[in-house]
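First comes the structure, then the notes that go with it.
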Amino acid sequence: KRNSSMMDYIFTGSQFDSDFCRRAFGFSGETLEIGSARTDVLFAPDEANARIRKLYQIPTEGKILMYAPTFRYKDGDCSKGCEYILIADFGVIKNALEERFGGEWFILLRLHPNVQNSIGELCLEPWVKNATAYPDSQELVAACDILISDFSSIMFEPAFVHKPVFLLASDFDNYVGKEYELAIAYESLPFARAESNGQLAENIRAYKEDEYVARVDAFMEHYGVKEDGHASERAVKYILDLL
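Numbering (the numbering used here), first residue to last: 24 to 266.
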């Protein structure tokens with residue numbers, strides 16, 4: 024409430040964002056649906072793509088999956104702190120990706136900031152890169168070809184540019200029942216959902232681009248999404264016009 028009282032405007036990326044900001048922040052000022060400046064990089068990804076590949080030693084012809092799950096509270100109790108439980112079987116996922124899409128695949132693991140300092144050293148295959156410490160998640164999304172998540176809002180960002188998104192959540196009932204109330208009904212999401220690695224592999228192999236793009240477009244239209252790569256320009260123009 025204190026922060027909201029100091030704000031005159033909030034830039035948002037959709038009607039849904041505007042409504043959510045009003046509820047979540049108790050904001051009563053003006054919301055401007057100009058798009059999210061941070062997502063502009065998704066529409067012009069070449070520079071970020073080259074930077075990520077160089078840093079993590081991924082060849083130009085290699086394909087990139089980003090796995091970006093959110094955290095869990097220990098025993099579903101926020102007073103006990105956060106933890107990360109590895110659900111994904113990277114070998115199963117890699118095999119399914121190479122069978123469906125061809126090429127050599129590399130995986131970027133992007134853990135939530137709440138658990139990045141509590142998981143110790145991860146023992147990863149050479150083709151799995153721990154990108155948790157990379158400072159800008161948007162650049163990772165810009166570089167990846169496909170994203171897998173569970174409940175994180177990062178799932179929407181690759182979808183803005185029609186990159187495939189798959190969901191893997193083996194603990195849906197526990198997560199939603201004990202930890203969070205989801206802002207959007209899970210069953211309404213345009214992404215294939217899986218409760219196991221085997222089901223995820225099946226979803227990857229069954230992916231049909233035309234059907235996926237149609238679902239994503241309908242979803243974005245329903246929520247009034249305004250992301251098109253020019254949000255920064257509109258934000259700057261609005262601010263300059265105020266001055």
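Every residue gets a Cβ at the ideal spot worked out from N, C-alpha and C, and that includes glycine.
Nearest candidate by alpha-carbon position, reference residue i, set the options
| i | options | result |
| --- | --- | --- |
| Ile83 | Ala154, Asn153, Leu266, Gly126 | One detail in the question is off: residue 83 reads as Thr in this sequence, not Ile. Here the closest residue by C-alpha is Gly126. |
| Leu109 | Ala192, Gly247, Asp69 | Ala192 |
| Ser59 | Ser211, Pro187, Phe34, Gly52 | Phe34 |
| Gln222 | Ala71, Asp63, Ala111 | Ala111 |
| Gly85 | Leu266, Leu120, Lys24 | Leu120 |
| Pro68 | Ile227, Glu180, Pro149 | Glu180 |
| Gly247 | Ile57, Glu70, Arg257, Met29 | Ile57 |
| Ala166 | Ser41, Leu55, Thr62 | Thr62 |
Environment of residue i [buried if 16+ CB atoms lie within 10 Å]
| i | result |
| --- | --- |
| Leu147 | exposed |
| Asp31 | exposed |
| Val259 | exposed |
| Tyr90 | buried |
| Tyr261 | exposed |
| Lys103 | Low confidence applies here, because Lys103 scores a pLDDT of 47, under 50, leaving its location unreliable; read the following figure in that light. With fewer than 16 other Cβ atoms within 10 Å, it is exposed. |
| Ala241 | exposed |
| Leu134 | buried |
Three-way DSSP call (helix, strand, coil) for residue i in this model
| i | result |
| --- | --- |
| Arg238 | helix |
| Ala71 | helix |
| Leu215 | Going by the sequence as given, residue 215 is Ala instead of Leu. Of the three classes helix, strand and coil, the one that applies to Ala215 here is strand, per DSSP. |
| Ser41 | helix |
| Leu134 | coil |
| Lys103 | Unreliable positioning characterises Lys103 in this predicted model, as indicated by a pLDDT of 47, which lies under 50. The coordinate reading is nonetheless provided below. Lys103 falls in the helix class under three-state DSSP. |
| Lys152 | strand |
| Glu202 | Its pLDDT being 49, under 50, Glu202 is placed unreliably in this model, and the coordinates cannot settle the point. |
| Phe124 | helix |
| Met30 | coil |
| Phe189 | strand |
| Lys24 | coil |
| Thr62 | helix |
Residue i versus residue j - alpha carbon distance
| i | j | result |
| --- | --- | --- |
| Met178 | Asp264 | 34 Å |
| Asn220 | Tyr230 | 15 Å |
| Asp251 | Ala208 | 25 Å |
| Arg76 | Tyr157 | 12 Å |
| Ala217 | Thr93 | 16 Å |
| Tyr79 | Lys152 | 7 Å |
| Pro213 | Arg74 | 30 Å |
| Ser37 | Ala215 | 23 Å |
Test item: CB-CB of residue i and residue j under 8 Å
| i | j | result |
| --- | --- | --- |
| Phe43 | Ser27 | no |
| Phe39 | Val184 | no |
| Glu88 | Asp159 | Contrary to the premise, residue 88 reads as Leu rather than Glu in this sequence. Going by C-beta atoms, Leu88 is not nearer than 8 Å to Asp159. |
| Leu170 | Thr155 | no |
Any non-hydrogen atom of the ligand HEM within 7 Å of residue i CB
| i | result |
| --- | --- |
| Glu121 | Ligands displayed in this structure: none; no statement on the ligand HEM is therefore possible. |
Within-8 Å CB hit, residue i to chain B
| i | result |
| --- | --- |
| Asn153 | The structure shown contains no chain B; it holds only a single protein chain. |
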